[in-house]
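In mature numbering (1 follows the signal peptide of the UniProt record, and there is no 0), the protein residues as written are -25 to -1, 1 to 567.
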């Protein structure tokens, strides 16, 4: 049941995991000052598209120009132009009735040095296509209607304006927070997944709690699943690019469901250790409740759903909602790393390389295939500029910028890292940890792969600073993790075993609390039948005792402080050199 649920969640969220980008804010400033030396100048926020024309980064390099109030006109035809044009002015016109390109083309033809468009609605970057961008050489930006009223109330109608876009450092202190969250999630998730998978091989017996038993199940990724995963990613990404305003709410709903499940999975082991709430619900015929879950687990489920619902309602509260989103996202990633398992390094390599090519194609190749010249991946991750809902996809870790910036007047910019940049390398880290335990290598593979992930993330940040644009993180994470894992396997001369995962087929090291094997020869059901043929000169083997008389192994505390302790033996080890006697656990099972 849990494995099927995990597989379904994986298929639902798969297309949205690899949407990693740095927010490309297109905010600028308009500095307004009175032409006749009135009040001190003031900055107002504008939203512009640098593809029309770039703005200077320093106010001192932005020439002051006269602002021409032409808001009575929409500037959609030549009849809307003044008799003498807008020579060396910046006209202020109303939004609507025609495209941004038609407005700015008329303004540029009449001698304007820029164009400000007043919007009563939420500001959106003025868009166009590549041909239009090449034709226009003046900046065009949107100003809110409220700011326009404040300008005329404060400075009057004779004002000068300067358009500029102050520099904002690409690398911010918030990168440290993102780095800690990402590397910590990969390390904890990989360690947890590997330890749990190996312990499961020892704990084959049934558990009293059905839910806990379900959590032990995992989903092995096959090559067919990898192909289906990539096809779904490509399909959903293209659908989101064309129908973003409709599908974004579907993604938000899926995130609420998946994150609540992940949070429950992470908190359940802690709640089960609490000394209260162990009573179960009464007998009933309701779905799920007929299993009589514990009261504390029901309260935990309600808490997880409540956290997810609170985020869904207040997701656009930039001051604090990002904290909830990150917490839910980390819990979801840990849950997926525990549940989805790559059985071999060959499967790891196939998945990582296919997604490596996927990331490169949708970031660097698609700008040559779209009419607007924009990357499909970045456009979907940051939200289309012409989106009416202005919603953002939640499948990312987000942290607001911590450095002070003049652009904080406009909005609170965030740095983003997609869940796919955590989960995809994290599955390889989990495989490395499982392999470490199998070959008893002191976790050298796990430590090396985790360090390689951290190095790859640092390289991503450096590339972001150098290229000044969003980066596909898998471009750097995949080579770092794969090459490092291969290098460790070559150094230890275990590449063949590491590649095929054949180490997992070997018998696990003996454990004192491991159950007796059930696939070996069992004692006969008839107690009078000897276990094996005996020579005439030897005494026949004794029959096994009934289960109720079977001696139970005692601890030193039960036997007394002076009693000797017994070293545990593996199930196949005989008790003495001259007598083949069954292990107590095997005796118990055969008698029962």
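C-beta: ideal position from N, C-alpha, C; glycine also.
Between residue 273 and residue 243, which are expected to be in contact by the criterion C-beta below 8 angstroms, what is the C-beta distance as a whole number of angstroms?
Wrong, their Cβ atoms sit about 12 angstroms apart, outside the cutoff.
Are the CB atoms of residue 168 and residue 376 nearer to each other than 8 angstroms?
no
Whole angstroms are fine: how far does the CA of residue 437 sit from the CA of residue 444?
11 angstroms
Quick check: what's the CA-CA separation for residue 79 versus residue 362?
21 angstroms
Verify whether the separation of the beta carbon atoms of residue 89 and residue 114 is less than 8 angstroms.
yes
Answer with buried or exposed for residue -1, where buried requires no fewer than 16 other C-beta atoms within 10 angstroms of its C-beta.
Bear in mind that a pLDDT of 42 at residue -1, under 50, signals an unreliable position, so the model cannot answer this.
Closest to residue 139 by C-alpha separation, out of 116, 311 and 291, would be which residue?
116
Under the three-state reduction of DSSP, which class applies to residue 367: helix, strand or coil?
coil
The alpha helix (DSSP H) that contains residue 18, what's its start and end?
That residue, residue 18, is in no alpha helix (DSSP H); its beta strand (DSSP E) goes 17 to 23.
Near residue 238, which residues of its chain fall below 7 angstroms by C-beta distance, leaving aside the five closest residues on each side in sequence?
279, 282, 303 and 306
Would DSSP call residue 139 helix, strand or coil?
strand
Hey, how far is the Cα of residue 158 from the Cα of residue 35?
42 angstroms
Near residue 284, which residues of its chain fall below 8 angstroms by C-beta distance, leaving aside the five closest residues on each side in sequence?
231
With burial defined as no fewer than 16 other Cβ atoms inside 10 Å of the residue's Cβ, what is the status of residue 4: buried or exposed?
buried
Let's test the definition: count the other Cβ atoms within 10 Å of the Cβ of residue 349 and tell me whether it reaches 16, buried, or not, exposed.
So residue 349 counts as buried.
Taking residue 88 as part of the beta strand (DSSP E), name the residues at either end of that continuous run.
Per DSSP, residue 88 belongs to no beta strand (DSSP E) and is neither H nor E.
Using the beta-carbon count (16 or more within 10 Å), is residue 396 buried or exposed?
Answer is buried; the Cβ neighbour count reaches 16.
Just verifying my parser: in three-state terms, what is the DSSP assignment at residue 348?
coil
Helix or strand or just coil, what does DSSP make of residue 389?
Reduced to three states, the DSSP call for residue 389 is strand.
Can at least three beta-carbon pairs, one atom from the region 246 to 266 and one from the region 221 to 230, be found at a separation below 8 angstroms?
no
Where residue 30 and residue 347 are concerned, what is the direct C-alpha to C-alpha distance, given to the nearest angstrom?
21 angstroms
By the 10 Å Cβ neighbour count, where 16 or more other Cβ atoms means buried, how is residue 393 classified, buried or exposed?
By the beta-carbon neighbour count (other beta carbons within 10 angstroms, threshold 16), residue 393 is buried.
Could you please give the first and the last residue of the uninterrupted alpha helix (DSSP H) stretch that includes residue 5?
Here residue 5 belongs to no alpha helix (DSSP H); instead the beta strand (DSSP E) covers 2 to 9.
Distance check for residue 152 and residue 81, CA to CA, integer angstroms please.
47 angstroms
Specify, as a first and last residue, the run of the alpha helix (DSSP H) that residue 472 falls within.
470 to 475
Below 8 angstroms on the Cβ atoms is my contact criterion, and I expect residue 72 with residue 51 to pass it. Report the Cβ-Cβ distance as a whole number of Å.
5 angstroms
Please state if the CB of residue 94 and the CB of residue 76 are separated by a distance shorter than 8 angstroms.
no
Take residue 570 and list the residues in its own chain whose beta-carbon comes closer than 8 angstroms to its own, dropping the five residues that flank it on each side.
Because the chain here runs from -25 to 567, residue 570 falls outside it and cannot be looked at.
My parser needs the alpha helix (DSSP H) runs of 4 or more residues fully inside the region 264 to 326; what are they?
270 to 288 and 296 to 314
Could you give the distance in angstroms between the alpha-carbon of residue 432 and the alpha-carbon of residue 109?
Distance between residue 432 and residue 109, taken at the CA atoms: about 36 angstroms.
Apart from the five residues just before and just after residue 150, which ones in its own chain have a Cβ nearer than 6 angstroms to its Cβ?
Around residue 150, the same chain offers 436 as residues with beta carbons nearer than 6 angstroms, after the five sequence neighbours per side are excluded.
In terms of residues, what are the limits of the beta strand (DSSP E) holding residue 129?
Element bounds for residue 129: not the beta strand (DSSP E) but the alpha helix (DSSP H), 120 to 130.
At which residue ranges does the region 32 to 115 contain complete beta strand (DSSP E) runs of 3 or more residues, listed in the order of the chain?
40 to 44, 64 to 69 and 90 to 94
Mind pulling the alpha helix (DSSP H) runs of 4 or more residues that sit fully within the region 423 to 478?
449 to 466 and 470 to 475
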